Amino acid sequence: MTTSLIETLRPEASGAPASGIVELSKYARNAGEVIQLWVGEGDAPTPSFIYEAATRSLAAGETTYTWQRGIPELRQALSAYASDLYDRPLSPERFFVCGSGMQAIQIAMTMVAGPGDEVIIPSPTWPNAPAAAGLRGATPVFVELDHGNRGWTLDLDKLEATITPKTKAFFINTPSNPTGWTATKEELAAILAIARRRGIWIIADEIYTRFVWTGAEKRAPSFHDVREDGDRILWVNTFSKNWAMTGWRTGWVEADPSLGDVVENLIQYSTSGSPVFIQRACIVALERGGGFLDHQIAKARKARDIISAAVEETGRCRFSRPDGAFYLFFGIDGVTDSNAAAKKIVDLAKVGLAPGSAFGPGGEGHLRLCYLRSQDQIEIAAERLKQAIPQL
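To convert, note that position 121 of the sequence shown is 121 in the working numbering; the numbers rise steadily by one, no gaps.
Shown next as structure tokens:
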């Protein structure tokens with residue numbers, strides 16, 4: 001019998017799960033004009049004051065290889081931004097520029113987990129995180145978030161009970177994609193205490209920290225609020241969400257400076273650094289993008305209220321208004337196949353939502369909606385969903 005080419009590949013590659021979000025987007029391509037709320041980005045293009053910095057850099061001929069850790073000016077800008085955000089001094093030597101938040105996750109996973117190891121991940125979760133663990137030969141182990149009167153919550157006893165001798169890391173995304181779960185400072189301290197006691201790394205995905213709805217804070221609680229020097233924490237982040245730069249594919253890893261050579265080597269052996277002209281644009285985003293980010297946050301807050309009210313009005317949906325991020329994750333009474341429901345909503349309402357089955361244990365039966373959209377667009381989507389949901 002002839003062996004197929006795919007059978008000769010590493011199982012971690014050939015067995016990588018297909019994205020349920022991509023499947024839905026392919027289905028919607030033939031449905032005409034669809035309001036695309038399945039993907040995690042807003043509807044605003046990158047502001048001109050940001051992209052013009054890239055064009056100036058290109059015009060100046062900055063198109064060669066550069067610093068593997070990121071140009072010094074961008075690392076200094078990241079240091080200034082983070083030091084102000086977290087109200088503590090954070091050296092530029094902690095920051096490492098890489099090709100997207102996704103690559104930051106891949107680098108962090110590579111540093112702490114491999115074949116035979118386990119990475120514990122609260123679920124429902126963005127599918128790319130467990131996939132990054134699996135591609136490195138590690139096993140993602142899910143701890144389902146609970147959903148009740150207090151919204152989505154993480155049972156810390158259940159988290160600790162999931163630890164085995166193979167556990168190398170917790171992957172903690174807060175505010176969470178897709179649920180909006182946002183850990184309190186006390187919860188983060190408790191998670192860190194478990195990690196310290198059990199010798200476990202934390203990969204902290206705080207990408208949505210500026211999109212928080214629990215009060216007047218300028219950010220969500222962070223592991224920065226509870227950490228001490230020497231703690232086993234790697235932060236992953238991106239320029240994508242805050243400054244409408246999803247297509248620029250630039251992010252960063254934050255780590256103790258003693259790990260600098262390791263992070264630098266992993267960047268070298270994957271992308272050999274990020275383009276200088278993109279890094280110039282990122283500097284401007286950090287230094288001049290505060291007003292634009294404030295507008296993004298205000299837009300998302302308003303859209304959250306509009307879409308939540310519409311979904312609630314149907315009388316068929318189970319959900320909690322999210323505490324953070326910019327997604328509404330809701331279940332519909334009687335719906336058990338979220339993929340089929342998402343396709344039917346495309347047909348009925350011309351609105352594209354991500355199926356909850358794409359987000360791991362606890363996700364099936366739900367749909368995810370990205371509400372970082374203009375008020376006009378979200379109001380149209382809300383009216384269409386109010387008409388379509390009762391027909392499911």
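We put the CB at the ideal spot given by N, CA and C, even for glycine. Because the structure is a prediction, the values reported are computed rather than measured.
- If you check the CB distance, Phe142 and Thr125 come in under 9 Å.
- In the DSSP assignment, Pro130 falls within the unbroken alpha helix (DSSP H) covering 128-135.
- Contact annotation: Asp376 and Ser357 have beta-carbon atoms that are not nearer than 9 Å.
- Ala108 is positioned such that its CB atom lies no closer than 9 Å to that of Ile172.
- Here His366 is bridged, per DSSP, to Gly331.
- In the same chain as Phe329, and ignoring 5 residues on each side of it, the C-beta atoms closer than 6 Å to its own belong to Pro178, Thr179, His366, Arg368, in chain order.
- For Ile233, the closest of Glu217, Trp243, Glu379, Arg94 by C-alpha to C-alpha distance is Arg94.
- Here Asn149 is exposed: its Cβ has fewer than 16 other Cβ atoms, across all protein chains shown, within 10 Å.
- Taking C-beta atoms as the reference points, Ala309 and Ala382 count as a pair closer than 9 Å.
- Residue state for Val119 is assigned as strand, using DSSP reduced to three classes.
- A straight line joining the alpha-carbon of Glu33 with that of Lys350 spans about 7 Å.
- Under the three-pair Cβ rule at 8 Å, the segment 212-222 does not count as touching the segment 64-74.
- Between Thr162 and Ile120, the C-beta gap is smaller than 9 Å, which places the two residues in contact.
- Sequence-distant Cβ neighbours of Ala31 in its own chain, meaning closer than 6 Å and more than five residues away, are Val346.
- The beta carbon of Phe223 lies closer than 7 Å to those of Leu188, Leu192, Ile202, Ala204, Ile233 in the same chain, with the five residues before and after it left out.
- In this structure, Ala131 and Ala16 form a Cβ contact; the two beta carbons are roughly 6 Å apart against a cut-off of 8 Å.
- According to the DSSP secondary-structure assignment, Arg318 is paired through a beta bridge with Gly331.
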